[in-house]
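Just add 5 to the spot in the sequence shown (first one is 1) and you have my numbering. Even glycine gets a Cβ: it sits at the ideal position worked out from N, Cα and C. What you are looking at is a predicted structure, and each value in this text was computed from that prediction instead of being measured.
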Amino acid sequence: MRFCKTFRFFICVASISLSVGCLAQELGRYPIHNFNHREYKGNLQNWAIVQDFRGLIYVANNDGVLEYDGSDWRHISINEATTRCLDIDTEGRIWVGGQDEFGYLAADSTGSMKYYSLIGKLPPYCLPLGFVRQVFATKDGVFFSSNQYLVRVKEDDIKVWKPKTFFHRAYFASGIFFVNQPEYGLTYLRNDSLKLAPQTSEISKNMIYLLLPYNNHKFLIGTQSKGFYTYNINALRADTTVQNDSIICKFRTSDDTFFKEGLVYNGISLSNSTFVVNTARKGVVLMDKKGEIFRRINQSSGLQDEAVWGLFLDNQENLWMALNNGISYTSINSQLTNWNDDWGLRGTLLSIARYKDILYLSTNIGIFRLINNEFQEVKGVTKFSYCLLNVKSSNNRTHLIAGTAEGIYQVEGNTATKIENEKYTAYKLYQSKIFPNIVYAGLINGVGVLMYKNDKWIFLGKIEDTKNPVYSLIEDQNGFLWYTERYKGIHMCNVVNPYQLVSEHLKFYNQLPFSPKYDVISISLIDGSLKVSTEKGLCRFDYTKDCFVPDPSLGMEFTEGSTGIKILNQDAKGNLWFEVYRKDPDRWIERAIKHSDNTYRREPSQFRAISDMVFNSVFSEDGDINWIASSEGLYRFDGNTRVDKQSIIKTQIRKVIANQSKLIFNGALSSPNNSSIFRSTNFSQTNNTVEKFQSNENSIIFYFSSPFFGQTQSMKYSYILEGYDKRWSEWSTDQKKEYTNLPFGNFKFIVKARNIFDSESPIASYSFSIKRPWYKTAFSYSLFLIILISIIWLYVTVKTKLLKRANIRLQALVVERTKEILEYHNEIVEKNEELMQQKEEMQVQRDELHEQNRQTTASLEYAKTIQQAILPDLSILKDRIEHFIIYKPKDVVSGDFYWISRIPSKTKHSEKIIIAVVDCTGHGVPGAFMSMIGSRILSEIVNEHKIHSPAEILTELNYSVNQALRQDVSDSFDGMDACLCLIEPKLSNQYIITFAGANRMLYYYQKGTHKIQTLKGNRKTIGGIMPDVDQEFVNNRIYLSPGDIIFLNTDGIVDQNDEGRKKYKASGFHASILAHIDKPMNEMGMEIIKMFEEFKGNTFQRDDITVLGLRLLEERD
C-alpha cells in the first residue's frame, strides 16, 4: 500500500511537471527594463520599492531613497544612512526604515521630497535601533521591525516591543501583523501583545522568509531550507479548535529543488491567485495555487541580476524588482512576448507552422523548432527556407512540407528529407482545395505540382507553359489557380488535370491599379474576394469587369498609390493581419477586426510596442494565439490577455524654474497638518499655493513627465499656457517648455500626455501670476505722458530754428550753383561746335575708305573669276569616275587648287588620269597667286615634258617652284603640300592607283570593308627653304576595283575647330564619309559639308578647304 501511494505521488509530480513544461515552453521573453547604478546614480544594492499616489516610484537604496518619475531619477538622503524598507499609508505618506533610522518623506517649502526622521522620538533605551528591515503601514499604525525592537507609530503615540530571542522577519497578511522569533516561534499581534502562533516553534527555526494569504482560511509560508507550508488561520482564533496535524501542512510545488537552491527571500500575492516569489540566487517565479510555476524571470529572460531582494506591483501591473545590482521591472500582463537569437533562433524569420503540437519556423539559414522554450535546428536544410505548409492528405494524415532554395523537403521531427525528383527553389506552397492530395509550388521557374500517393510525396513536374519565378499562388472560389509571375504580372489558369500537368491558360493581367512593381505583389483569398497587395496599395479582382480595381476595405489610404500593404494572414475570427509600409524604415504591423457586416476596423496602435521592421508572415491558432515572423525575431500575441490601454496615469509637472536658475516648484507641495509629529504633502495647488512672481521673473521653464512605465520613451506631450497661448501645442516627445518675457497677469500651465495607444492622460496644471511692473502703473503712464509732451515741444522748437538757418544757407548755395551751371553751359556749346566739325571730317574719310573697299572687293571678285577659270572641268571624269568636289575658300580667293590631266592612249579604255589636290602657303590673294603658279607648272611637267610618274612630277614641281620663287637666293618660305595620284585602268575591271604625296596622304575606301584606309605621303614639302624629313618623293601603289572610292583633300577640313576649340580631325572626317558611303557622290559631298558645318557652328573658318572624292566605275563599251 505504501509503495502504491509513493508511486501515485511520483506520477502526480511528473504530470504536474509535464503540464507546467507545456504551459511555459512557448511563453518567450516578456518586455523587461533594467536600470544599472549609473542610470539612477546610486548604490548597486536595492531593497524595497513602493509607488506613491502620483505614480512615482520610490526605491530603498543603500545610499538613500531614489525617486523615479518615468524620465529622471532623484536622490533623497535619510541622514546618510542605508535605506532598507519602504511602505505607503492611506494618506499617501511614504514611510522609511534603515540603519538606525526610521521616519517618513514629505515635501519641503520648494516642493522637494525630504526625509523627516522620527528616531528622536524613541526612548533612550531603544538606541541604537539597529537595522530596520521591514515597515508596514496599517490601519492600526505603522510598524518598523529591526532585530532588537518592534516599533509602532500611531498618531502621536510610539510603542516599542522587545523579542524573546530576536526579531527575524515581520509580515502583514489578512489584516494580521506577524513577526518571526527563531527558536521561539511565529508571533502575531493581538491587543498590543505578541502571541505565539500554535505549532510554529519548529518551523520558526527554518527562518521564515515569506508569509502570504493563500485563501480565506490559510496562509502560505516560505522557508529557505524546508520549502513551503500552508498554515490554518483558524488556529489563531481562540474560539476555534483545530487539529494539530491540520494546522501546518507541507505545500509541494512543481520545482521544490529550484526554491531550495534559489533561496526564497520574499514574495507578493496577486489578485488572480498568483504568487510571485523572489529568490536570492535564481531570480523570480510566478506560481499558481497548485504550486505550478508558469513563468520564470531570470537572466535568460533579460533580468540583469538574479539576486532579488524586493518586489512591488505598480498600478500598471508592472512587476518591479529591487536587485542586488540594479533595478528592473517587467510586465506580468503583456499580450506580446518575443524570442531572438538568445533562445537559439538564428536568421531572418520567413514562415511559421505548427506540426504535431510543435512550432516550426523557417528562416534564411534553415528550419527551427521550438522545444522547451528554446529553438533547435532541424537537420537537413542549411539554406534559405522560404515557406512551411502543414498539409492534411485525403487519408487524414498531416505532413509538414518546406519550400527552400535547394528544393522541397518533408519535415518530420528534427529531420528534413528532400522530396525525390524535385530540384528547384520553391518560394510558396499551396494545398489545392479541389485536389486534396495535390500541393502547388511556386518555383523559381514556374508552378510545380506535388502529389501524395502511397504514403509518399512525389514531385510530378511543372505545369506546362510556366517558366518564370512564382512568389504567390492561390485558388479562387471557382477553382481557378492564380499565380504571380515575377516582373510580369498575374496569371489565371484552369488546372484541368494536375496529375498530367495539364492546364488551360485563361488570362494574363499586367495592368494593376497604381502600376506597382510586379516583383513584390502577393495574392490572398479573403472571404471569397481575390485581393492583391502591393507596395502601392490594395486591389481586388472584379469578376464582372474582368479587371483589378482599388480596394478600400482597409482604408482609403490604400487606394491612393502612396501606401504599401502586404496581407499576411486571416485568422479564425476573420480578422486580417497585414503589414503597412511607405518607405524604409517606416513600416509596421496591424490587425483589422472584422465586424458582423463584413467591414473591418483597423487597430493601428495595438502593435506600436513592436519597433519598425520587416514582417514576413503571421500564423494564427485557435484560442487567439498569433505568431509573428519578423526580421528581428519571433513575436507571440495572446489576444486572451486583457490589457488596459486606455487608462493612463496623470502627467506630472516635475519642476518649475524662473529666470534659468531659481527653483520655484520641485514636484510636490508642503501642506500644514494639525499633527504634532507628521508633515503632509499635497500634489495639487490650492488658492494659497498659487505662486506670485516678481515682474522681472517672467522667463519660466516647466519640466514634466508621465510615469507610464514601459512607454516612457514613446510618450508624447501637449501643453498650453492659459492667458498666453491661443491653442494647444503639437504632440511632441519634449518634456520641457520654456516661456520668455511673459507679460504680467494670471496664467495656468496645463500639460497632458499620450501613449502609443493614443490614450490621453488627465491634465496636470500649475497656476501662477506675474506682478505688474512699476512702469506700467497709472502714475507711471501719466508721468510718461508729461515727459513725452515736453520732449515733443522741445523737439519742435529746436527743429524750427534749425530749419530757418538751413533755408538761409540753402538760398546762398542755390545762387552759387546757378552761376556754375551757366559757365558749364557755355563750355558745352563750344565743345559741341568742335565735335560737329570733327564729325564732318570723319564722314569724308569714311566715304573715301568705302570707295577704296569697293574697288578692292571688285578686284578680288575678278581674281576669283580668273582662279575659277584655271581650275579644270571635272566633267572629263564622268565616263569612268563618279565624283564630288568641295571647294570652300577661307576668303574670296583660295590658296587651294585641284588639277586634272587625261593622258591619251591608243584605246579609250587604257587612258590614264592624273589628279592633284594642292594646298599652297597662305590663303587669300597670296595663296591664289601661288595656286596659279602651281597649276601652270603642273601643266608644263605633265602635258609638255610628258612626265607621268607621281613621284617624278612632285620632284619636278619642287624644283620648278624653287626656281620660280628664286628661293636659292631669297628667304622665301612659300611652298605647297600636294596629294597627287595616277589612275590607270587594267583588265578584269581593276585600277592601279599610283600615289605620291608632299606632306599629304591619300584616303581610300574598298567596297564592303566599311572602313577608311590611308596611304601616307612623304614628309617633304614643295618649295620653301625649311629642311625636310624625307629627301625624295616615293610612289605608293594600290589596286582598286569599281565601286571603290579615293579621297584627296587639303588640311583645312581636319584642322577646323568647333566653339569649344575641339578639332574636327581625321576621325571626324572619316565618320562623315562612312555615314553616307553608299549614297551617290554628289549627295555624299553635300552631307559631308553639312556635318562639317554643324560641327563648326558659329566659329570662323580657319583655312581654305578642298576635298575631292572619286568613285571608280566599271568600264563601259
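Looking at the structure shown, is F107 part of a helix, part of a strand, or coil, going by DSSP? On the sequence shown, position 102 is the one that residue 107 refers to. Reduced to three states, the DSSP call for F107 is strand.
Assign Y964 to one of three DSSP states: helix, strand, or coil. Along the sequence shown, one-based indexing puts residue 964 at 959. Helix at Y964.
Pull up the distance between the alpha-carbon of I705 and that of I598, whole angstroms please. As a working note, residue 705 is residue 700 in the sequence shown. As a working note, residue 598 is residue 593 in the sequence shown. If you take the alpha carbons of I705 and I598, they lie about 47 Å apart.
Using the C-alpha atoms, what's the distance from I332 back to N41? Here residue 41 refers to the residue found at position 36 of the sequence shown. Here residue 332 refers to the residue found at position 327 of the sequence shown. Approximately 7 Å between the Cα atoms of the pair.
For F58, I'd like the list of residues in its chain whose CB is within less than 6 Å of its CB, leaving aside the five on either flank, ordered along the chain. In the sequence shown, the residue the question calls residue 58 occupies position 53. Excluding positions up to five away in sequence, the list reads G97.
Check for me: the alpha helix (DSSP H) holding F171 runs from which residue to which? Translated into positions along the sequence shown, residue 171 becomes position 166. Element bounds for F171: n/a, residue is neither H nor E.
Residues near T409 in its chain [Cβ-Cβ closer than 7 Å; skip 5 each side]: Numbered from its first residue, the sequence shown carries residue 409 at position 404. Same-chain partners within the cutoff: V386, K388, F389, S390, Y391, A431.
Between A29 and the rest of its own chain, which residues show a CB-CB distance below 6 Å, the 5 nearest in sequence each way excluded? Sequence index remark: in the sequence shown, residue 29 carries index 24 (1-based). Note that A29 has pLDDT 46, beneath the 50 cutoff, so the model's placement of it is unreliable and the number below is only indicative. So the qualifying residues of the chain are F299.
Span of the beta strand (DSSP E) holding M118? Position 113 of the sequence shown, counted from the start, is the residue given in the question as residue 118. Counting along the chain, the beta strand (DSSP E) containing M118 begins and ends at 118–122.
Can at least three beta-carbon pairs, one atom from the segment 708–717 and one from the segment 754–761, be found at a separation below 8 Å? yes
Inter-stretch contact at 8 Å, needing at least 3 Cβ pairs: the segment 395–412 / the segment 447–466: yes
Straight-line gap, S975 to Q872 (C-alpha atoms, nearest Å): Within the sequence shown, residue 975 is the residue found at index 970, counting from 1. Within the sequence shown, residue 872 is the residue found at index 867, counting from 1. Spanning the two alpha carbons is a distance of roughly 27 Å.
Do L355 and F380 have their C-beta atoms closer together than 9 Å? To locate residue 355, count along the sequence shown from 1; it is residue 350. To locate residue 380, count along the sequence shown from 1; it is residue 375. No, the Cβ-Cβ distance between L355 and F380 is not below 9 Å.
Using only alpha-carbon positions, find the residue among R941, W314, V1059 that is nearest to I1094. As a working note, residue 1094 is residue 1089 in the sequence shown. Cα-wise, what sits closest to I1094 is V1059.
Would you check if the distance between the CB atom of D896 and the CB atom of D924 is smaller than 9 Å? On the sequence shown, residue 896 is found 891 positions in, with the first residue counted as 1. On the sequence shown, residue 924 is found 919 positions in, with the first residue counted as 1. It is not a contact, given that the beta carbons lie outside the stated cut-off.
Would you list the one or two residues that DSSP bridges to S198? On the sequence shown, position 193 is the one that residue 198 refers to. Note: S198 sits in a beta bridge opposite R195.
F280 and G272 look like a contact to me (Cβ under 8 Å); what is the Cβ gap, rounded to whole Å? Stepping through the sequence shown from its first residue, residue 280 is reached at position 275. Stepping through the sequence shown from its first residue, residue 272 is reached at position 267. Going by Cβ atoms, the distance from F280 to G272 rounds to 6 Å, so yes, they are a contact pair.
Proximity winner among I252, Y488, K458, relative to K472 (alpha-carbon distances): Within the sequence shown, numbered from 1, the residue matching residue 472 stands at position 467. Of the listed residues, the one whose Cα sits closest to K472 is Y488.
Mapping the DSSP letters down to three states, classify H1075 as helix, strand or coil. To locate residue 1075, count along the sequence shown from 1; it is residue 1070. Three-state DSSP puts H1075 in a helix.
Beta-ladder partner(s) of I208, from DSSP: By 1-based counting over the sequence shown, the position of residue 208 is 203. DSSP output for I208 lists no bridge partner at all.
Which same chain residues end up closer than 7 Å to G418 when comparing Cβ atoms and leaving out the 5 residues on each side of it in sequence? As a first step, residue 418 must be located in the sequence shown, where it is residue number 413. Closer than 7 Å at the Cβ level, and outside the excluded window around G418, lies no residue.
Does the beta-carbon of N303, which I'm using as the reference point, lie nearer than 8 Å to any heavy atom of the ligand FAD? In the structure on display, the ligand FAD does not appear, and there are no ligands present to speak of.
What alpha helix (DSSP H) runs, 4 residues minimum, are completely inside the segment 919–975? 929–944, 955–969
My parser needs the beta strand (DSSP E) runs of 3 or more residues fully inside the segment 379–409; what are they? 379–382, 390–397, 403–409
If you measure between the beta carbons of Q611 and E595, is that distance less than 9 Å? Here residue 611 refers to the residue found at position 606 when the sequence shown is read from its first residue. Here residue 595 refers to the residue found at position 590 when the sequence shown is read from its first residue. Yes, they are a contact pair.
Which stretch, first to last residue, makes up the beta strand (DSSP E) that contains D547? Locating residue 547 in the sequence shown gives position 542, where the first residue counts as 1. Segment 542–547, the beta strand (DSSP E) holding D547.
If you reduce the DSSP assignment to three classes, tell me which class S508 lands in. Within the sequence shown, the letter at position 503 stands for residue 508. S508 falls in the strand class under three-state DSSP.
Beta-carbon separation of F1074 and N1054 under 9 Å? Within the sequence shown, residue 1074 is the residue found at index 1069, counting from 1. Within the sequence shown, residue 1054 is the residue found at index 1049, counting from 1. Against a cut-off of 9 Å, the Cβ pair of N1054 and F1074 comes out as a contact.
Would you mind reading off the limits of the beta strand (DSSP E) that contains F183? In the sequence shown, residue 183 corresponds to position 178, counting from 1. Note, F183: beta strand (DSSP E), 181–186.
Using 10 angstroms around the beta-carbon of I302, count the other beta-carbons present and answer buried if the total reaches 16, otherwise exposed. The residue you call residue 302 lines up with position 297 of the sequence shown. Buried: at least 16 other Cβ atoms inside 10 Å.
Could you work out which residue in F713, I775, S567 is closest to S766 when comparing CA atoms only? Taking the first residue of the sequence shown as 1, we reach residue 766 at position 761. The candidate whose alpha carbon is nearest that of S766 is F713.
Reference T745; option with closest CA among E702, I181, Y189, R859: The residue you call residue 745 lines up with position 740 of the sequence shown. Among E702, I181, Y189, R859, the Cα nearest to that of T745 belongs to E702.
DSSP on W348, reduced to helix/strand/coil? Counting from one through the sequence shown, the residue named residue 348 turns up at place 343. Here W348 sits in helix by DSSP.
Just checking my contact of R286 with G307 at CB under 8 Å: how many whole Å lie between their CB atoms? The sequence position of residue 286 within the sequence shown is 281, counting from 1. The sequence position of residue 307 within the sequence shown is 302, counting from 1. Their Cβ separation, rounded to whole angstroms, is 17 Å, which puts R286 and G307 out of contact at 8 Å.
Comparing C-alpha positions only, which one of K200, S954, K588 sits nearest to D617? Numbered from 1 along the sequence shown, position 612 holds the residue referred to as residue 617. The candidate whose alpha carbon is nearest that of D617 is K588.
Between V1039 and the rest of its own chain, which residues show a CB-CB distance below 8 Å, the 5 nearest in sequence each way excluded? As a first step, residue 1039 must be located in the sequence shown, where it is residue number 1034. Only A956, A1001, N1023 meet the Cβ criterion.
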